[in-house]
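Position in the sequence shown (from 1) plus 935 gives the number in this note's numbering.
Ideal Cβ positions, reconstructed from N, Cα and C, are used throughout, including at glycine.
Just below is one structure, and these are the notes that go with it.
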Amino acid sequence: MTQNFLKQSLYNSRISESETIDASRIRNHLRITGCNIPILHFPEVDSTNLEVPRQLDMGRSPPFAILASKQQSGRGRLGRRWHSPEEGNCYLSFAFTPDAAPDKLQKLTCWIGLEICRLLRDECKIPVHMKWPNDLKVGHRKIGGMLCESRTEGGKLLYLVFGVGINVNCRCSQWPPPIKEIATSLAEEAGKQLALNHFIAMLVIRVIQAWQQFGTGELSETDPLCL
936 MTQNFLKQSL YNSRISESET IDASRIRNHL RITGCNIPIL HFPEVDSTNL EVPRQLDMGR
996 SPPFAILASK QQSGRGRLGR RWHSPEEGNC YLSFAFTPDA APDKLQKLTC WIGLEICRLL
1056 RDECKIPVHM KWPNDLKVGH RKIGGMLCES RTEGGKLLYL VFGVGINVNC RCSQWPPPIK
1116 EIATSLAEEA GKQLALNHFI AMLVIRVIQA WQQFGTGELS ETDPLCL
């Protein structure tokens, strides 16, 4: 069953442009592959990265993931706003308990980002590359972004938050300027809609696999996918 799921095409002529996030379908996809990370879905949040610490403060233990259909105040690096007003995209944050040396954790965004690039290239057939330190781009247009944050207490690192936003089925060409000149989506690059819930499930799987391999792997500073 796992192999059949992984071989399913992310593109489907029967996909409706109005397909929205269905958390139960995503969980079913993950269950088939043996990925058991809890997924909490919210129709709308201020920011998935901000929702993670709220859940931790309420007693939820890592690992888990926060998924939103919309964000009111999506954030990027240095507090920059991430335009994320509509459904049809992926706004996702993970909570992890760090188990690697602090100096190595500085490379986490790049490590997971490169794995996301491979997913988009292999499964979506789109030539995505990573622009240091946290942009996912096709040519000069941004298709996604990442943000890694942490909380410390008494000098001890308590947890990590890895957030990723990807423009999946939106029409960036209809966004206001200047955003529409610098943004793109997977659907616009491919010329057709993606199976949104299937895509999110595959993204979750790749991020979890990358996190599990992070402690023992080595990052190449000359990876051709990182520009």
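Exposed unless 16 or more other CB atoms sit within 10 angstroms - verdict on residue i
{"i": "lysine 1091", "result": "exposed"}
{"i": "threonine 983", "result": "buried"}
{"i": "serine 1008", "result": "exposed"}
{"i": "glycine 1079", "result": "buried"}
{"i": "leucine 1013", "result": "Its pLDDT being 44, under 50, leucine 1013 is placed unreliably in this model, and the coordinates cannot settle the point."}
{"i": "methionine 1137", "result": "buried"}
{"i": "glutamine 1006", "result": "buried"}
{"i": "glutamate 1050", "result": "buried"}
{"i": "arginine 989", "result": "exposed"}
{"i": "glycine 1098", "result": "buried"}
{"i": "methionine 1065", "result": "buried"}
{"i": "tryptophan 1067", "result": "exposed"}
{"i": "glycine 1023", "result": "buried"}
{"i": "phenylalanine 1149", "result": "buried"}
{"i": "serine 959", "result": "exposed"}
{"i": "glutamate 1088", "result": "exposed"}
{"i": "threonine 1119", "result": "buried"}
{"i": "methionine 1081", "result": "buried"}
{"i": "threonine 1151", "result": "exposed"}
{"i": "glutamate 954", "result": "buried"}
Test item: CB-CB of residue i and residue j under 8 Å
{"i": "leucine 1000", "j": "leucine 1027", "result": "Contrary to the premise, residue 1000 reads as alanine rather than leucine in this sequence. Yes."}
{"i": "cysteine 1107", "j": "glutamate 1084", "result": "no"}
{"i": "isoleucine 1101", "j": "cysteine 1025", "result": "yes"}
{"i": "isoleucine 892", "j": "leucine 1002", "result": "Absent from the structure is residue 892, since the part of the chain shown begins at 936 and ends at 1162."}
{"i": "leucine 965", "j": "valine 1103", "result": "no"}
{"i": "proline 998", "j": "alanine 1030", "result": "yes"}
{"i": "cysteine 1052", "j": "alanine 1125", "result": "no"}
{"i": "arginine 1076", "j": "isoleucine 1117", "result": "yes"}
{"i": "glutamate 986", "j": "serine 1004", "result": "no"}
{"i": "leucine 923", "j": "isoleucine 956", "result": "Not covered by the structure: residue 923. The range shown for the chain is 936 to 1162."}
{"i": "alanine 1145", "j": "isoleucine 1047", "result": "yes"}
{"i": "arginine 1141", "j": "leucine 1054", "result": "yes"}
{"i": "tyrosine 1094", "j": "leucine 991", "result": "yes"}
Residue(s) in a DSSP beta bridge with residue i
{"i": "phenylalanine 1097", "result": "Phe1029 and Cys1083"}
{"i": "lysine 1072", "result": "His1064 and Lys1077"}
{"i": "valine 980", "result": "Gln1006"}
{"i": "isoleucine 967", "result": "In DSSP, isoleucine 967 forms no bridge with anything."}
{"i": "phenylalanine 999", "result": "Ala1030"}
{"i": "leucine 985", "result": "DSSP lists no partner for leucine 985."}
{"i": "isoleucine 974", "result": "Ala1000"}
Nearest-angstrom beta carbon gap, residue j and residue i [assumed within contact, 8 Å]
{"i": "leucine 1129", "j": "leucine 945", "result": "5 Å"}
Quiz item: What residue ranges within the segment 1087-1141 form continuous alpha helix (DSSP H) runs of no fewer than 4 residues, ordered along the chain?
Solution: Fully enclosed alpha helix (DSSP H) runs of 4 or longer: 1114-1117 and 1121-1125.
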